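**Q** Chains as they are written, first to last, in our numbering: chain V, 1 to 310; chain E, 1001 to 1066.
Note that CB positions come from ideal geometry on N, CA and C, so glycine has one too.
Because the structure is a prediction, the values reported are computed rather than measured.
Supplied in structure tokens, the structure appears directly below.
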Amino acid sequence: MTIWLVGADGIVGRRVARGLRDHHVTAHDPRREPTPIAMPGDVAVLAHPVEHAPLARGFALRGASVVTVGDDLDDASALLELHDDFVTAGATLVVGAAMSPGLSGLLARHLADQVASVDEIHVAIHGTAGPRCARTYHRSLSRRSLGWHDGEWVDHLGGSGRELCWFPEPVGAKDCYRADFADPFLLHVAFPEAGRISARRSARRRDRFTARLPMLSAPHAEGRIGAVRVEVRGDDRAGGRACLVVGVAELVGTATAATAAAFTDAAVAGVLPSGVVVAGQHDLPTADLLARVQALGVVLQEFTGVPQGT
Amino acid sequence: VTRDLPGFGPSAGHYAVEAMKLVRRILAALIMTGAAAAAIRVKGRGGTPPQHGGWRPLELPERRAS
Chain V
1 MTIWLVGADG IVGRRVARGL RDHHVTAHDP RREPTPIAMP GDVAVLAHPV EHAPLARGFA
61 LRGASVVTVG DDLDDASALL ELHDDFVTAG ATLVVGAAMS PGLSGLLARH LADQVASVDE
121 IHVAIHGTAG PRCARTYHRS LSRRSLGWHD GEWVDHLGGS GRELCWFPEP VGAKDCYRAD
181 FADPFLLHVA FPEAGRISAR RSARRRDRFT ARLPMLSAPH AEGRIGAVRV EVRGDDRAGG
241 RACLVVGVAE LVGTATAATA AAFTDAAVAG VLPSGVVVAG QHDLPTADLL ARVQALGVVL
301 QEFTGVPQGT
Chain E
1001 VTRDLPGFGP SAGHYAVEAM KLVRRILAAL IMTGAAAAAI RVKGRGGTPP QHGGWRPLEL
1061 PERRAS
């Protein structure tokens, strides 16, 4: 059994390889070899920046499972359409095994299991991983951003909807805005019962004003400490209202790699169902996946105060 | 207010009036910009800082036997 790692030279790819050092990991570069030579039972981790759907289809044809690391909405939509291909192949396709989407979905499921019903899920993220992630972040503030509101998709303007979100220390409070990324879309797949789903990302005034322009300066090799914050609102088992918050403060590349490695471990172990899998699905071993993420050095935290609903 | 005499170019008074108009327009633009910024700041939802509580490590439920 081989784990094929695409994007092995990036920040996330290198850390995924480190997290999977107990397995036989082979780097695969689709620019040199478009058709993978995978075998049934293999697992491919797609951590490269371009769209993943075409390559994932190639792995499905060879019977291999795929774990994708990305937050592009169009790509996520195309990946969901590969469900039948992977069911036929008896393989698994994990869509969005990053920090957000990915870890955010696992944390949302952890909170959802503590309430009787889930009404709202709100995700906020801060920070970026590598340069390509920073460029995607820059563009996301100028595009349309999806939000699920009372049973229908609402097309918001990226960079709108300011909300002050409190992340675990050392990140603290950040102004967050709507942006174009796949988290609300995938959370809706995992939590169809939730009436409202939103996702925001932190931004400074300069980020919002320059979002429609090319980046004024080249992005850093890696962003500083990032964070993700997941808030679930619903009814508790006593009939009252519940508002639970969990978060992570960690390098985005590290949290992303830990999530991807956890899903890859699960795919190798064969504990994931066939077809498309999205973080937060009720039939996933969420506690095991979160424990694996923790074991890879990511500290999960919960907020113990009383969140102020807005 | 001065008027331009026929057959002559604009008088010095004309330039003074135009300059004053420009100053008034700049002032009006600055005041309107300030008012809009103030309205956005007041209307914006800034959230309320938590008055108590904090973050603590998350305790996961018992893992399933594998």
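Please compile the residues from chain V whose C-beta is within a distance smaller than 7 angstroms of the C-beta of G1009/E.
**A** Mapped onto the second sequence, residue 1009/E falls at position 9. Near G1009/E there are no residues of chain V at all, since even the closest Cβ is about 44 angstroms away, more than 7 angstroms.
**Q** So, with DSSP's three-state summary, where would you put V69/V?
**A** In the first sequence, the residue the question calls residue 69/V occupies position 69. Of the three classes helix, strand and coil, the one that applies to V69/V here is coil, per DSSP.
**Q** Per DSSP, which residues does K174/V bridge with? Please list them.
**A** As a working mapping, residue 174/V is identified with position 174 in the first sequence. C165/V, per the DSSP bridge assignment.
**Q** When the Cα atoms are used, what is the spatial distance from A199/V to V1017/E?
**A** By one-based count along the first sequence, residue 199/V stands at place 199. By one-based count along the second sequence, residue 1017/E stands at place 17. Distance between the alpha carbons of A199/V and V1017/E: 54 angstroms.
**Q** Give the straight-line distance between the Cα atoms of T310/V and R31/V, rounded to the nearest whole angstrom.
**A** As a working mapping, residue 310/V is identified with position 310 in the first sequence. As a working mapping, residue 31/V is identified with position 31 in the first sequence. With a pLDDT of 48 at T310/V, under the threshold of 50, the modelled position of that residue is not reliable, and the figure given next carries that caveat. The alpha-carbon atoms of T310/V and R31/V are separated by roughly 47 angstroms.
**Q** So that I know if they touch, is there some Cβ in chain V lying closer than 8 angstroms to that of G1054/E?
**A** Numbered from its first residue, the second sequence carries residue 1054/E at position 54. Chain V contact via Cβ: present.
**Q** Please report the residue range of the beta strand (DSSP E) in which S117/V lies.
**A** Position 117 of the first sequence holds residue 117/V. 117–126 is the extent of the beta strand (DSSP E) around S117/V.
**Q** Tell me which residues share the same chain as D236/V and place their Cβ nearer than 7 angstroms to its Cβ, disregarding the 5 neighbours each side in the sequence.
**A** Within the first sequence, the letter at position 236 stands for residue 236/V. Correct list, in chain order: V115, A116, A242.
**Q** Short of 8 angstroms in beta carbon distance, which residues of its chain neighbour T26/V, apart from the five on each side in sequence? Order them along the chain.
**A** The residue you call residue 26/V lines up with position 26 of the first sequence. Closer than 8 angstroms at the Cβ level, and outside the excluded window around T26/V, lie T2, I3, W4, L5.
**Q** Between the segment 291–299 of chain V and the segment 258–271 of chain V, can you find at least three pairs of beta-carbon atoms closer than 8 angstroms?
**A** Yes: the two stretches touch, three or more of their Cβ pairs being nearer than 8 angstroms.
**Q** Using the beta-carbon count (16 or more within 10 Å), is G92/V buried or exposed?
**A** Stepping through the first sequence from its first residue, residue 92/V is reached at position 92. The question names Gly, but residue 92/V is Thr in the sequence shown. Label assigned to T92/V: buried.
**Q** On the criterion of 16 or more Cβ atoms from any shown chain inside 10 Å, does W1055/E qualify as buried, or is it exposed?
**A** For the purposes of this step, residue 1055/E is taken as residue 55 along the second sequence, with counting starting at 1. Buried.
**Q** By DSSP's criteria, F338/V is part of a beta bridge. Which residues make up the other side?
**A** Nothing about residue 338/V can be reported from this structure: the residues present for chain V run from 1 to 310 only.
**Q** Could you tell me how far apart the beta carbons of V228/V and E302/V are, in whole angstroms, since I believe they sit closer than 8 angstroms?
**A** Residue 228/V sits at position 228 when you count from the first residue of the first sequence. Residue 302/V sits at position 302 when you count from the first residue of the first sequence. With a Cβ gap of about 13 angstroms, V228/V and E302/V do not count as contacting.
**Q** Could you tell me which chain V residues have their CB closer than 7 angstroms to the CB of L1058/E, listed as they occur along the chain?
**A** Numbered from its first residue, the second sequence carries residue 1058/E at position 58. Per Cβ cutoff of 7 angstroms: V246, L300, Q301, E302.
**Q** Rounded to a whole number of angstroms, what is the C-alpha to C-alpha distance between L107/V and V67/V?
**A** For the purposes of this step, residue 107/V is taken as residue 107 along the first sequence, with counting starting at 1. For the purposes of this step, residue 67/V is taken as residue 67 along the first sequence, with counting starting at 1. So the two alpha carbons sit approximately 18 angstroms from each other.
**Q** Name the one or two DSSP bridge partners that E311/V has.
**A** Limits of chain V in this structure are 1 at one end and 310 at the other, which puts residue 311/V out of reach.
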